[in-house]
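Top to bottom, those sequences are chains F and E.
Our numbering applies: residue 1 is where the first sequence begins, and numbers increase by one.
Our numbering applies: residue 95 is where the second sequence begins, and numbers increase by one.
In this text, a Cβ means the ideal position worked out from N, Cα and C, and glycines have one as well.
Data block below; observations after.
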Amino acid sequence: MSAKFIVACGSGVATSQTVASKVKRLLKEKGYDAEIEVVDLKSVDRYIDNSDAYIAITKVNKTYPIPIINGISFLTGMGQEKELKKLIDIIESK
Amino acid sequence: MGIFKKELMSLDIKSKGQEDIIGHMYNKLYHLGYVTEDYKEAILSREKEFPTGLPTDPAAVAIPHVDSKYICKPFIYFVRLNEPINWYEMGSDNTVNVKYIFALGFNDEINHISGLQNLIDKVQNEVFMQEISTISSIVDMTEFLNNEIVMEEIK
Chain F
1 MSAKFIVACG SGVATSQTVA SKVKRLLKEK GYDAEIEVVD LKSVDRYIDN SDAYIAITKV
61 NKTYPIPIIN GISFLTGMGQ EKELKKLIDI IESK
Chain E
95 MGIFKKELMS LDIKSKGQED IIGHMYNKLY HLGYVTEDYK EAILSREKEF PTGLPTDPAA
155 VAIPHVDSKY ICKPFIYFVR LNEPINWYEM GSDNTVNVKY IFALGFNDEI NHISGLQNLI
215 DKVQNEVFMQ EISTISSIVD MTEFLNNEIV MEEIK
């Protein structure tokens, strides 16, 4: 079964899609594939049950039963490898 | 036609802070027909809820943007400040010292995903960051940015 990650940002206009396509590309470069879905921030809760990690670009004030990945790192490059490794670990554990 | 325009570029300007610089951009954007009248309020309130400062190296970048309904014609407004200003960081309660602003005005006419991806790659690039800190003329900066960051138009 392939891993599924969700990404959400405030407007859904730009940043979440950018992070999603970047994560997809970085994973592909390392030979991994995962389903990455861009969702509206308001509907994150509905997707949590069917996802393996939540890549967040906004502040997360709640606790979730799945790992939260720092999506900002994919926008700045800082800490990107560490966050990518977490996703790879999740994919490999499936 | 590139997404960066000579008339939407402010180099080495002084600003008191976020509201001030957004007001400066809005005056030109609204006057030239790029945004709706309520763009300024929309962008300020979105920044409060979802800030857009990115802690890039060696200086922080902000990418303010709003829903496409406020955008009449696509653009990216570029600002280089002479002194950095405080800006809330995306996804956190911290602030960063923003020196460069790329105000993103995207609507359905352009493929903003590839364009933004392109911009994000550039602000992580040392050579690019060096260039935008040194180019001194608006004409050269516009040409440089349009060569580096290409937005596809959707036909």
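In this structure, Y164 of chain E sits near Y133 of chain E, with a CB-CB distance shorter than 8 angstroms. Between the segment 199-208 of chain E and the segment 226-243 of chain E there are fewer than three inter-stretch CB-CB distances shorter than 8 angstroms, so the stretches are not counted as touching.
In the DSSP secondary-structure assignment, T189 of chain E is bridged to E:Y182. Put simply, the CB of I72 of chain F is near chain E, with a gap under 8 angstroms to one of its CB atoms. In the three-state DSSP reduction, L126 of chain E falls in the coil class, being neither helix nor strand. For T63 of chain F, the closest Cβ of chain E is not nearer than 8 angstroms.
Looking at the DSSP output, G199 of chain E sits in a beta bridge with E:F169. Within the model, the alpha-carbon separation for V23 of chain F versus I69 of chain F is close to 11 angstroms. M235 of chain E carries a helical assignment under DSSP once its states are collapsed to helix, strand and coil. Under the Cβ distance rule, H159 of chain E counts among the residues neighbouring chain F, one pair being separated by less than 8 angstroms.
Within the segment 193-208 of chain E, contact with chain F at the beta-carbon level (separation under 9 angstroms) is assigned to L198, F200, H206, I207, S208. When beta bridges are read from the DSSP output, M103 of chain E appears opposite E:F172. Partner residues in the beta bridge of F5 of chain F, as assigned by DSSP, are F:I36, F:A53.
In this structure, the alpha-carbon of I195 of chain E lies about 6 angstroms from that of I157 of chain E. Rounded to whole angstroms, the separation of the alpha carbons of V244 of chain E and K42 of chain F is 32 angstroms. Looking at the backbone, the Cα of A53 of chain F and that of L87 of chain F are separated by about 8 angstroms.
Within the segment 81-92 of chain F, contact with chain E at the beta-carbon level (separation under 7 angstroms) is assigned to no residue. Counting of Cβ neighbours within 10 angstroms places M184 of chain E among the buried residues, the total reaching 16 or more. In terms of Cα proximity to L148 of chain E, the closest of E:D187, E:M103, E:K108, E:D234 is E:D187. The criterion of a C-beta distance shorter than 8 angstroms is satisfied by L27 of chain F and A34 of chain F. In the displayed model, G209 of chain E falls within a helix according to three-state DSSP. Distances from the alpha-carbon of N201 of chain E to those of E:H118, E:T130, E:G111, E:T189 put E:T130 closest. Listed in chain order, the non-local C-beta contacts of Y64 of chain F below 7 angstroms within the same chain comprise I48, Y54, local neighbours out to five positions each way being set aside. Interface criterion met: the Cβ of S186 of chain E is under 8 angstroms from a Cβ in chain F. For a Cβ distance threshold of 7 angstroms, residue set I207, Q211 of chain E lies close to S21 of chain F, ordered along the chain. Per DSSP, reduced to three states, the secondary structure at I48 of chain F is helical.
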